[in-house]
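First up is the structure itself, then whatever we jot down about it.
Residue numbers (the UniProt record's numbering): 1 to 494.
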């Protein structure tokens with residue numbers, strides 16, 4: 001989504017275009033040898049041109065003038081697993097291309113390179129005021145987003161993303177080039193790339209060979225292009241030189257990349273909701289889904305490969321949420337927030353501030369109390385819809401069929417039909433029916449046992465309103481009946 005610089009002297013995350021706001025002399029004294037222009041520049045080659053977003057959720061770095069890039073093993077995991085078969089198990093055994101012709105195209109993988117970013121705060125805030133409803137505000141912001149995207153995409157050459165920061169107080173846009181021909185060059189065996197498994201994940205120090213190597217290709221003019229044997233390695237504007245000099249204690253270090261988000265401004269009420277209600281639900285539901293997957297993955301090698309990426313993704317956040325719960329409680333984070341809030345409340349109670357800010361914390365507390373049970377429901381529901389393919393695909397299929405039904409142009413309607421069939425077939429390519437039946441049954445049963453009827457989603461309630469005592473047996477038969485009579489089952493799909 002964006003690139004950040006993190007430094008100890010100025011805690012938090014910083015947009016690269018705002019690097020000049022940092023105290024440059026302090027950074028120089030600490031050992032930084034790059035100028036602000038060398039880190040971020042629109043007109044000249046800079047560090048930003050070597051740091052790319054990988055597959056939508058990771059960071060990678062260009063390390064050669066021939067498009068070679070390094071990223072984490074866990075970032076390439078999904079595509080490495082997708083390329084693996086029982087006969088050519090690159091995930092388990094590793095892979096290394098000895099020449100360009102041996103590099104393997106990774107279908108669906110893309111790399112995003114930042115061209116520039118800009119500040120749209122004044123432009124958007126000028127059209128907003130405190131008397132607007134949330135819906136009015138959202139409509140204006142969305143309209144500005146679309147206008148900014150159109151103004152900066154160079155007739156489709158670039159992808160433009162606009163985002164709000166600090167809970168909608170600031171707005172920035174990011175102009176990217178998306179490269180869609182990316183090929184696997186090398187990956188260590190899983191025993192090295194995922195050494196320690198989930199036990200060591202999110203733990204430090206670690207001893208994992210957490211890396212994989214890919215190459216980005218472009219057309220003859222260096223522009224993004226779909227896969228073609230005629231494409232050539234991308235020549236990036238900048239790549240990172242490799243130093244063989246050992247690092248020393250006290251050497252300057254910084255992190256630059258594409259993080260997801262930060263919740264550092266969350267109130268004590270929000271943190272309490274997360275660690276005592278939301279995350280425990282997430283952890284339990286994730287572990288339940290993992291247990292179902294592991295049962296079938298341990299029994300069949302093809303299933304192990306087909307579900308490896310999904311299992312790893314679930315396990316990653318399962319471990320993260322557990323660690324967050326433990327760390328927040330151990331470090332007294334909620335208590336620290338409460339101290340900060342007392343200082344704020346003292347300021348808010350002053351005559352000049354009371355009318356506008358006096359009830360802020362009380363309203364936030366009331367908000368979290370009001371959504372508490374529903375948030376727990378959403379966490380159980382989220383894990384159910386993410387892990388049970390019958391549910392997750394049904395949600396996507398609903399949108400596709402809605403568009404198909406509404407389309408009046410015969411040619412476009414036929415294309416939508418082909419897309420629906422292709423997506424359905426793709427889902428069943430790596431699909432274990434027995435696993436999915438048990439997954440659906442187990443996750444629905446967990447949801448029903450943990451979520452009160454007053455907050456349960458109407459679409460997840462059974463018409464018969466089954467009692468909990470009847471649920472397992474009756475639900476099992478209902479799910480099996482639904483599966484074998486589904487128009488999407490692989491036996492009936494055409």
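Don't be surprised by glycine CBs; every beta carbon is placed ideally from N, CA and C. Here the structure is a predicted model, which is why all the values come from computation and not from measurement.
Distance, residue j Cα to residue i Cα
i: residue 238; j: residue 371; result: 48 Å
i: residue 419; j: residue 110; result: 20 Å
i: residue 390; j: residue 440; result: 7 Å
i: residue 186; j: residue 122; result: 46 Å
i: residue 226; j: residue 295; result: 38 Å
i: residue 307; j: residue 145; result: 37 Å
i: residue 197; j: residue 374; result: 33 Å
i: residue 66; j: residue 172; result: 31 Å
i: residue 82; j: residue 76; result: 10 Å
i: residue 273; j: residue 427; result: 35 Å
i: residue 4; j: residue 261; result: Any reading at residue 4 is ruled out, since the residue's pLDDT is 38, under 50, leaving its predicted position unreliable.
i: residue 251; j: residue 336; result: 32 Å
i: residue 140; j: residue 127; result: 7 Å
i: residue 339; j: residue 361; result: 13 Å
i: residue 16; j: residue 36; result: 9 Å
i: residue 190; j: residue 43; result: 41 Å
i: residue 494; j: residue 429; result: Any reading at residue 494 is ruled out, since the residue's pLDDT is 34, under 50, leaving its predicted position unreliable.
i: residue 155; j: residue 147; result: 13 Å
i: residue 407; j: residue 398; result: 14 Å
i: residue 495; j: residue 64; result: Since the displayed the chain opens at 1 and closes at 494, residue 495 lies outside it and no answer follows.
i: residue 33; j: residue 446; result: 55 Å
i: residue 216; j: residue 354; result: 56 Å
i: residue 136; j: residue 316; result: 38 Å
i: residue 345; j: residue 385; result: 40 Å
i: residue 92; j: residue 304; result: 10 Å
i: residue 347; j: residue 366; result: 20 Å
i: residue 457; j: residue 309; result: 28 Å
i: residue 297; j: residue 246; result: 42 Å
i: residue 20; j: residue 118; result: 14 Å
i: residue 78; j: residue 14; result: 29 Å
Extent of the continuous beta strand (DSSP E) run through residue i
i: residue 55; result: Residue 55 -> no beta strand (DSSP E), and no H or E assigned at all.
i: residue 509; result: Outside the displayed span of the chain (1 to 494) sits residue 509, for which this structure offers no information.
i: residue 257; result: 255-257
i: residue 85; result: Premise fails: residue 85 is in no beta strand (DSSP E) and is neither H nor E.
i: residue 218; result: 212-218
i: residue 49; result: Element bounds for residue 49: n/a, residue is neither H nor E.
i: residue 128; result: Element bounds for residue 128: n/a, residue is neither H nor E.
i: residue 112; result: 111-119
i: residue 187; result: 181-187
i: residue 159; result: 159-165
Reference residue i, options the options, closest by Cα
i: residue 27; options: 93, 244, 253; result: 253
i: residue 48; options: 369, 150, 188, 18; result: 18
i: residue 54; options: 42, 66, 70, 228; result: 70
i: residue 424; options: 434, 243, 394, 376; result: 394
i: residue 341; options: 364, 326, 320; result: 364
i: residue 279; options: 92, 383, 43, 366; result: 383
i: residue 256; options: 240, 269, 247; result: 240
i: residue 334; options: 267, 174, 436; result: 267
i: residue 329; options: 276, 302, 58, 222; result: 276
i: residue 222; options: 178, 213, 201, 263; result: 178
i: residue 112; options: 90, 218, 96; result: 218
i: residue 320; options: 350, 292, 40, 287; result: 287
i: residue 313; options: 129, 290, 297, 98; result: 290
i: residue 159; options: 281, 169, 175; result: 175
i: residue 108; options: 184, 39, 96; result: 184
i: residue 503; options: 131, 224, 265; result: With the chain running from 1 to 494 in the structure shown, residue 503 is simply not present.
i: residue 41; options: 200, 444, 89, 115; result: 115
i: residue 31; options: 248, 45, 202; result: 248
i: residue 138; options: 381, 357, 124; result: 124
i: residue 62; options: 448, 96, 242, 435; result: 242
i: residue 436; options: 400, 269, 449, 293; result: 293
i: residue 377; options: 201, 453, 359, 59; result: 453
Where the alpha helix (DSSP H) through residue i begins and ends
i: residue 226; result: No alpha helix (DSSP H) holds residue 226; DSSP gives it neither H nor E.
i: residue 496; result: Since the displayed the chain opens at 1 and closes at 494, residue 496 lies outside it and no answer follows.
i: residue 42; result: Counting along the chain, residue 42 falls outside any alpha helix (DSSP H), and DSSP gives it neither H nor E.
i: residue 137; result: 134-152
i: residue 199; result: 197-200
i: residue 193; result: 190-193
i: residue 240; result: Taken as a continuous stretch (DSSP letters only), residue 240 belongs to no alpha helix (DSSP H), as it is neither H nor E.
i: residue 93; result: 90-93
Whole beta strand (DSSP E) runs in the stretch 250-314 with 3 or more residues, listed along the chain?
Here the runs fully enclosed are 255-257.
Are at least three pairs of beta-carbons, each pair with one atom in the stretch 96-106 and one in the stretch 152-165, less than 8 Å apart?
When C-beta atoms of the stretch 96-106 are compared with those of the stretch 152-165, fewer than three pairs fall below 8 Å, so the two segments do not count as touching.
Is the number of C-beta pairs between the stretch 318-326 and the stretch 208-222 that are closer than 8 Å three or more?
Contact fails between the stretch 318-326 and the stretch 208-222, because fewer than three Cβ pairs, one in each stretch, are under 8 Å apart.
May I have a chain-ordered list of the alpha helix (DSSP H) segments no shorter than 4 residues that lie completely inside the stretch 407-465?
If we require 4 residues or more, the alpha helix (DSSP H) runs fully inside the stretch 407-465 come out as 410-429, 433-450.
Evaluate the contact criterion for the stretch 213-231 versus the stretch 188-204: three or more CB pairs, one atom per stretch, below 8 Å.
No, they do not touch.
Enumerate, from N- to C-terminal direction, the unbroken alpha helix (DSSP H) stretches of 4 or more residues contained entirely within the stretch 315-365.
Those alpha helix (DSSP H) runs which fall completely within the stretch 315-365 and span 4+ residues are 333-348, 351-357.
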